[in-house]
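Novice: Reminder that position 244 of the sequence shown reads as 573 in UniProt numbering, one-by-one numbering, no gaps.
Virtual Cβ for every residue (Gly too), placed ideally from N, Cα, C.
My structure is below; once you've seen it, I'll send some questions.
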Amino acid sequence: FEVYAAPVMSKSDKLKGIVLVLHDITELKKLEQVRTDFVANVSHELKTPVTSIKGFTETLLDGAMNTEPLREKFLTIIANESERLQSLIQDLLDLSRIEQAYFQLNWQRTNLQEIVSEVIELLKDKAEEKQIDLQMFVEGNTTLEGDMERIKQIAINVINNAIMYTPVSGSIKMFIKGNEETITLEITDTGVGISEKDLPRIFERFYRVDRARSRNSGGTGLGLAIVKHLVEAHQGKIVVNSLVGKGTTFTITFHRYRAE
Ligand code: ADP
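This is how it looks when you write it as structure tokens:
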């Protein structure tokens, strides 16, 4: 609480009483903490690849450049870390754009089945590398009003995660179901799963269950935060169910028509 106190004086300058104003600033403090944590996280996430790029560049300049296998190895690390930096900056810019009060979707008539088919096409090589089977099942009318590019981004992030967190030879099933008023996209994987303790936090910026695994697969820790914002901008809902060692299901529900 923030407390303001002011004396109330009588005409003859005697103290008549005191006015106390109690201001509950719990929410404000929480917001402030979230912002401070975010800046600390961003700085840390940016620092890690930069430190690595700087270190390996210096080692190369110090002579490692003349040893063929080392040159190749270090340059590969530098290339990977630069790429990581690039995705991180891209996700950060995107998240900040989406979080702006004036952020607007480009509403249009679109088709969820077509969007998911495009995403499967985009990610199928990555799935094949791990012999992961991608299957799509469709039921009912899958047209809806929404922002095609943003819905595609939602699907890419969630399906990409499913591939990242599913071991070799697993499978990912996508169910698209159109009802009278809603369209649902359910993405089920046979991956590592998420514990009950971690489940409520996975939509937070930079929250990862396993930092090393996320880093190694090129994750930025921002994907689901972006997804949640975009689903909510569509007035939709995203729900996750998971069992450790069994797999995870993300269920995203959109309205068929834009709510006025
Ligand atoms: P990242 O870039 O680390 O994947 P996200 O915001 O996309 O970040 O996801 C946050 C965390 O949620 C991941 O680090 C991972 O621990 C967990 N996660 C997301 N999707 C899945 C999934 N399909 N299976 C298991 N864990 C998942």
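Let me know the secondary structure DSSP gives Asp391 once reduced to three states.
Specialist: For this step, residue 391 is matched to residue 62 along the sequence shown. If DSSP states are grouped into helix, strand and coil, Asp391 belongs with coil.
Novice: Leaving out the 5 sequence neighbours to the left and right, which residues in its chain are closer than 7 angstroms to Glu510 when beta-carbon positions are compared?
Specialist: Within the sequence shown, numbered from 1, the residue matching residue 510 stands at position 181. Closer than 7 angstroms at Cβ, skipping near neighbours: His584 and Arg585.
Novice: Quick check on DSSP: helix, strand or coil for Val332?
Specialist: As a working note, residue 332 is residue 3 in the sequence shown. Val332 falls in the strand class under three-state DSSP.
Novice: Please name the residue or residues paired with Ser500 in a DSSP beta bridge.
Specialist: Your numbering for residue 500 matches position 171 in the sequence shown. In the DSSP output, where bridge partners are listed per residue, Ser500 has Asp462.
Novice: Please confirm whether any heavy atom of the ligand FMN lies closer than 7 angstroms to the CB of Arg537.
Specialist: Within the structure as shown, the ligand FMN is missing, the only ligands being the ligand ADP.
Novice: Can you give me the Cβ contacts of Lys566 inside the same chain, cut-off strictly under 6 angstroms, excluding the 5 residues immediately before and after it?
Specialist: Translated into positions along the sequence shown, residue 566 becomes position 237. Setting aside the 5 residues that flank it on each side, Lys566 is surrounded in the same chain by Thr582, each with a C-beta closer than 6 angstroms to its C-beta; the list follows chain order.
Novice: Please go through the same chain and pick out, in chain order, the residues whose beta-carbon is closer than 7 angstroms to the beta-carbon of Ala430, but skip the five residues on each side of it.
Specialist: On the sequence shown, position 101 is the one that residue 430 refers to. Hits under 7 angstroms: none found.
Novice: For the 8 angstroms Cβ check, are there 3 or more pairs between the region 503-520 and the region 473-492?
Specialist: yes
Novice: Just confirm the distance between the C-beta atoms of Thr577 and Ile523, as a whole number of angstroms; I'd bet it's less than 8 angstroms.
Specialist: In the sequence shown, the residue the question calls residue 577 occupies position 248. In the sequence shown, the residue the question calls residue 523 occupies position 194. With a beta-carbon spacing of about 6 angstroms, Thr577 and Ile523 fall inside the 8 angstroms limit used to define contacts.
Novice: How long is the line joining the alpha carbons of Phe432 and Ser498, rounded to whole angstroms?
Specialist: Counting from 1 along the sequence shown, the entry for residue 432 is found at position 103. Counting from 1 along the sequence shown, the entry for residue 498 is found at position 169. Roughly 40 angstroms separates the two Cα atoms.
Novice: Taking only runs that begin and end inside the region 376-441, name each unbroken beta strand (DSSP E) of 3 or more residues, in chain order.
Specialist: 437-440
Novice: In this structure, does DSSP put Leu344 in helix, strand or coil?
Specialist: As a working mapping, residue 344 is identified with position 15 in the sequence shown. Leu344: strand per DSSP, three-state reduction.
Novice: Hey, is Gly522 close to the ligand ADP, as in C-beta under 7 angstroms from one of its heavy atoms?
Specialist: As a working mapping, residue 522 is identified with position 193 in the sequence shown. The answer is yes for Gly522.
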